[in-house]
Structure formats: C-alpha cells, structure tokens
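First up is the structure itself, then whatever we jot down about it.
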Amino acid sequence: MASSTILLDYWPSMFCMRARVALREKGVEFEAKEEDLTNKSPLLLQSNPIHKKVPVLIHNGKPVCESLNVVQYIDEAWSDKNPFFPSDPYGKAQARFWADFVEKKFSDAQFKIWGKKGEEQAAGVKEFIEAVKILEAELGDKPYFGGDSFGYVDIALITFYSWFGAYEKFGNFSIEAESPKLIAWCKRCMEKESVSKSLPDQEKIVAYAADFRKNNL
Amino acid sequence: MAEEVVLLDYWASMFGMRVRIALEEKGVKYEYREEDLSNKSPLLLEMNPIHKKIPVLIHNGKPICESIIQVQYIDEVWPDRNPILPSDPYQRAQARFWSDYIDKKTAGPCKALQRETGEKQEAAKIEFMEVLKTLDSELGDKSFFGGNVFGLVDIAFIGFYSWFHTYEEVANFSIVAEFPKLIAWAERCLKRESVAKVLPDSGKVLKSVSDYRKKILGIN
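Listed in order, the protein sequences are those of chains P and H. Under the numbering used here, the final residue of the first sequence carries the number 222; numbering is consecutive throughout. Under the numbering used here, the final residue of the second sequence carries the number 222; numbering is consecutive throughout.
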C-alpha cells in the first residue's frame with residue numbers, strides 16, 4: 006500500500022536529513038525513496054519542477070520543497086506533538102532568523118571546505134569558524150537553540166554534524182578546538198533517537214567527500 | 003502599553019516595501035527612519051549586527067531582521083486584520099516556497115541589471131526574464147499568487163514592480179510587452195491602499211539608478 010508520506014531523499018544530504026529528523030520528531034511513518042542525483046526520477050522532476058532538488062516531501066500526494074520549508078510544514082501538519090517553535094511571535098522570528106543564518110552563512114562556507122581546494126577552501130574554513138563562533142554565542146548556556154526544547158534551529162543545524170569529520174579532514178582543523186560548546190550541543194542532540202537515526206556515520210560522509218574530491222578537483 | 007514600532011529602511015528597497023505594505027495592511031502605526039546605506043546608523047548596526055542590512059523592524063525595542071521573516075512576524079502579532087498567510091499548512095508551504103523562490107532567483111540578476119553593462123547585464127536580463135516567465139506561469143489566471151486573496155507572495159514581489167521601468171531602461175527590453183498578466187496583477191495590487199501608499203514612483207527609482215550608474219560606473 007502506498008504511503009501517505011513519502012520523502013524523496015539522498016543519504017548524504019544534510020538538507021534531506023533535516024526532513025528525516027523532523028518526521029521522526031513527530032513520530033510520522035514515512036517512506037524514504039533514495040534518489041540517484043545523476044539520474045533523477047520522474048517523480049522528483051514532476052514534484053519539484055522548479056529546482057529539481059531533494060528533499061521533497063510528498064504528503065497525501067502533494068509535494069513540499071526546500072528543506073526548511075519542509076520542516077515548517079511538518080511542524081504545522083503534525084502540530085499535536087513536539088512543537089518546533091516557541092508560541093510567541095518574537096521567539097518564532099528569532100528561530101527563523103537563525104535557521105536563515107545557517108542557510109546563508111554556514112552552508113556556503115562548509116561547502117567550500119570539502120568541495121573546493123586552495124584559496125577558496127581556506128576562505129571556507131575561515132568563514133566556517135566565524136559562523137560557528139556566532140552560532141556558539143547565540144546558543145549561550147541553553148541546552149538547545151530552541152531553549153529547553155529541541156527545535157527548528159537545532160534541526161536546521163544538527164544535520165551538518167554528520168559532515169564534521171569531512172570538514173576536519175579536508176580543512177585540516179579541529180572544530181572542537183574552535184568551539185567545544187557547539188560540539189557539546191551536537192552530542193546532546195545525537196542522544197535523541199530522531200537525530201541519531203537520521204544522520205549517517207561521519208566516516209561514510211568522509212568517504213563520500215573524498216570520492217567527490219577525487220572526481221571533481 | 004503603547005506599541006512602539008520603528009522601521010529602519012531605504013526608500014527604494016523592494017525588501018523594505020514588503021514590510022511597509024504589511025504594516026499598512028494591518029493598520030499599524032510606525033515610525034519610518036530612512037537609512038543612508040553609505041553611512042549606516044549606529045542603531046542599524048546595533049539592531050542587525052549579523053547582516054548590517056535594512057529593513058530592520060524594531061518592535062518595543064526588539065529587532066526583527068530579514069523581510070520575509072518580518073512580514074510573517076507582523077502577520078502573527080496583528081492577526082485580526084487582513085491575514086497575510088493562509089491557515090492551511092500546505093498553502094502556507096506554497097506561499098513560503100514562492101517567496102523563497104523570488105528571493106533566491108532575483109538577487110543576482112537584479113543587482114547585475116543595475117550595476118553592470120554589456121555581456122554581464124545581458125546575461126542578467128535573460129535570467130530575470132526566466133524568473134518573470136516562471137512567476138507569470140505560477141500566477142496563471144488567479145487574481146493573486148495565493149488565489150483570490152492578496153497575501154505573502156504578492157507582498158514579496160510587488161515592490162519589484164516599481165523597479166520594472168528602471169530595468170527596462172538600463173537594459174533595453176520590455177517587461178510590460180512580454181508579461182501583460184503580471185502587469186495586470188501589479189495594477190490589481192496597486193488598487194490596495196497599502197500598495198499604492200508604499201510603492202515609490204517608478205521615475206524616481208530610475209533617476210536614482212541612472213545617477214548611480216553615471217556617477218559610480220561612468221555610464222551615460
């Protein structure tokens with residue numbers, strides 16, 4: 006029987022991982038369909054004709070695209086448990102701001118570390134460390150970015166943790182040395198089943214990134 | 003307790019226009035402060051230390067940054083009048099998707115249309131036309147992007163209408179002739195008091211960009 010909740014997925018994608026974490030947080034049964042990004046399925050191209058990217062969440066036949074949009078949708082469609090946002094509008098705006106920061110500053114920087122070499126890679130490391138320090142300051146002494154509960158910003162950011170091994174290896178630096186608080190937060194999140202089940206092992210990602218570098222750089 | 007709403011903005015910013023329209027839609031009184039982007043105020047740098055950009059919405063002393071986030075905030079704080087987002091989760095996801103599309107796809111070409119010449123500007127023009135084509139198709143026969151009701155995506159895009167004349171002039175092409183449906187949509191939006199009040203005169207925008215191109219880029 007066809008599932009009412011399908012995720013068009015790609016195992017190393019930190020963006021797809023966000024959707025997996027979000028669905029598990031809500032206890033939603035879903036079917037993950039692994040995409041071959043060199044040979045995108047008709048379903049993917051039909052469900053996301055604009056960007057042709059994963060993740061795509063197909064819920065009751067209707068597609069939702071863009072990972073942060075998918076996470077917000079999951080929060081609203083399954084609103085009965087584990088809310089991802091605080092109830093006050095200011096808290097919501099802050100959460101959206103920080104997820105957007107992850108998207109704008111953190112995401113671009115991290116790609117340069119494993120996806121580039123030379124000067125571009127060095128710039129990526131520098132920008133990554135800057136972004137990490139800003140995020141660490143925002144986290145402060147809170148257990149999660151959402152405060153006492155794991156929330157939207159935590160979901161937006163934690164998936165990159167699966168790539169930390171790759172950043173450290175190819176960027177030749179230690180994230181823990183730069184930001185022990187952030188690593189502590191990562192480990193706290195990984196204690197949650199929704200997270201640990203949704204993130205691949207760091208070694209697998211290192212191998213994936215090594216392969217990419219071999220083929221592209 | 004009296005509400006204090008301050009908006010740090012730049013008159014020609016299509017992002018600032020989004021926030022002004024949202025505030026007007028909700029009937030919220032606010033203090034508008036014009037920023038000189040070549041000499042940003044201490045208040046702007048204090049309230050948006052991460053990006054240092056306008057618009058910044060300051061509500062009872064607390065800053066909210068990024069225009070689509072600000073519009074959603076306004077919708078949530080003042081929910082009783084003129085809802086901006088629909089209530090259905092799927093429709094909300096669609097509204098957010100298209101606002102995000104507009105932000106992602108217009109940033110590069112719009113900047114290049116203003117600041118470049120020759121091949122770079124030509125490439126930007128082609129990219130921008132593709133975006134307009136996609137939006138035109140998404141609008142279809144609906145009155146507004148969300149359907150019958152003026153909402154988030156309309157607010158996200160209508161400010162760009164005040165820049166169409168500028169793009170047409172500096173890059174020598176016609177948006178009006180190519181996209182009559184979008185123009186009809188824009189005119190429909192302009193019938194709303196909030197939009198009519200907020201959108202600057204197209205001629206003013208063109209003059210400021212022409213002056214910039216003459217002075218900074220040396221283009222006549």
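Each residue gets a CB set at the ideal place from its N, CA and C atoms; glycine is no exception.
Put residue i into one of helix, strand or coil per three-state DSSP.
i      : result
H:Y12  : coil
H:H53  : coil
P:T10  : strand
H:K113 : helix
H:Y34  : strand
P:K86  : coil
P:E39  : strand
P:G152 : strand
P:V26  : helix
H:V178 : helix
P:L204 : coil
P:L62  : strand
H:I60  : strand
P:I180 : helix
P:I210 : helix
H:I66  : strand
H:V197 : helix
H:V7   : strand
H:V21  : helix
H:T258 : Residue 258 of chain H is absent from the structure shown; chain H starts at 3 and stops at 222.
P:W168 : helix
P:K97  : helix
H:Y103 : helix
P:V76  : helix
P:D105 : helix
P:D216 : helix
H:R94  : helix
P:N221 : helix
H:P85  : coil
Terminal residues of the continuous alpha helix (DSSP H) containing residue i?
i      : result
H:P182 : 182-192
H:L208 : 204-217
P:D146 : Note, P:D146: premise wrong, no alpha helix (DSSP H); not H, not E.
H:I70  : 69-79
P:I160 : 157-163
Residue i touches chain H at which residues, Cβ-Cβ below 7 Å?
i     : result
P:C70 : F99
P:E81 : P91, R94
P:K67 : Y92
Got a sec? Which residues, its chain only, sit under 7 Å from residue i by beta carbon, not counting five neighbours each side?
i      : result
H:A97  : L87, P88, G148, G153, L154, V155
P:K122 : L222
P:M6   : Note that P:M6 scores 47 on pLDDT, short of 50, meaning its location in the model is unreliable; the coordinates nonetheless yield the value given after this. Within the same chain, P:M6 has no close Cβ partners at all.
H:S101 : I70, L154, V155, A158
H:V197 : I23, I160, C191
P:L50  : K57
P:K197 : F155
List, in order along the chain, the chain P residues whose C-beta lies closer than 7 Å to that of residue i?
i      : result
H:I23  : None at all; the shortest Cβ gap to chain P is about 18 Å.
H:Y103 : I55
H:E78  : P94, K97
H:T108 : By Cβ distance, chain P contributes nothing, its closest Cβ being about 14 Å from H:T108, past 7 Å.
H:K28  : What H:K28 touches in chain P: nothing, since even the nearest Cβ is about 13 Å away.
H:I60  : Chain P residues near H:I60: none, gap ~12 Å exceeds 7 Å.
H:K42  : None at all; the shortest Cβ gap to chain P is about 19 Å.
What are the start and end residues of the beta strand (DSSP E) that includes residue i?
i      : result
P:I55  : Unbroken run through P:I55: none, as it is neither H nor E.
P:K192 : Looking at the DSSP string, P:K192 is not in any beta strand (DSSP E); the run it does join, the alpha helix (DSSP H), is 185-195.
H:K42  : Looking at the DSSP string, H:K42 is not in any beta strand (DSSP E), and its letter there is neither H nor E.
P:K67  : 67-70
Using a C-beta to C-beta distance shorter than 8 Å, which residues of chain P count as neighbours of residue i?
i      : result
H:Y75  : P94, Y95, K97, A98
H:K64  : Y95
H:T168 : Ordered by position in chain P, no residue passes the 8 Å Cβ test against H:T168, which lies about 26 Å from the chain.
H:T136 : I55
Which residues of chain H have a Cβ atom closer than 9 Å to the Cβ of residue i, listed in chain order?
i      : result
P:D85  : Correct list: empty, because the minimum Cβ distance to chain H is about 13 Å.
P:K131 : By Cβ distance, chain H contributes nothing, its closest Cβ being about 17 Å from P:K131, past 9 Å.
Apart from the five residues on each side of it in sequence, which residues of its chain come closer than 6 Å, Cβ to Cβ, to residue i?
i      : result
H:K107 : V133
P:D80  : F89
H:D77  : I86, L87
Within a Cβ cutoff of 8 Å, which residues of the same chain sit near residue i, ignoring the five residues on either side of it in sequence?
i      : result
H:A109 : none
P:Y78  : L62, H64, V69
H:K209 : none
H:E180 : M131, L134
P:F116 : G129
H:V207 : A14, S164, W165, H167, T168
Along chain H, which residues have their Cβ under 8 Å away from the Cβ of residue i?
i      : result
P:D105 : E68, I71
P:R101 : E68, I71, Q74
P:Y78  : P91, Y92, R94, A95
Would you mind telling me which residues of chain C sit closer than 7 Å to residue i, beta carbon to beta carbon, in chain order?
i     : result
P:N74 : Although the question refers to chain C, the structure presented lacks it and instead comprises the protein chains P and H.
Below 9 Å on C-beta distance, what does residue i contact in chain P?
i     : result
H:I52 : F102, F106, K110, I139
**Request:** Jot down the residue ranges of each uninterrupted alpha helix (DSSP H) in the stretch 129-173 of chain H, minimum 4 residues, whole runs only, in chain order.
**Result:** 154-173
**Complete beta strand (DSSP E) runs within the stretch 107-135 of chain P (minimum length 3 residues, chain order)** = none
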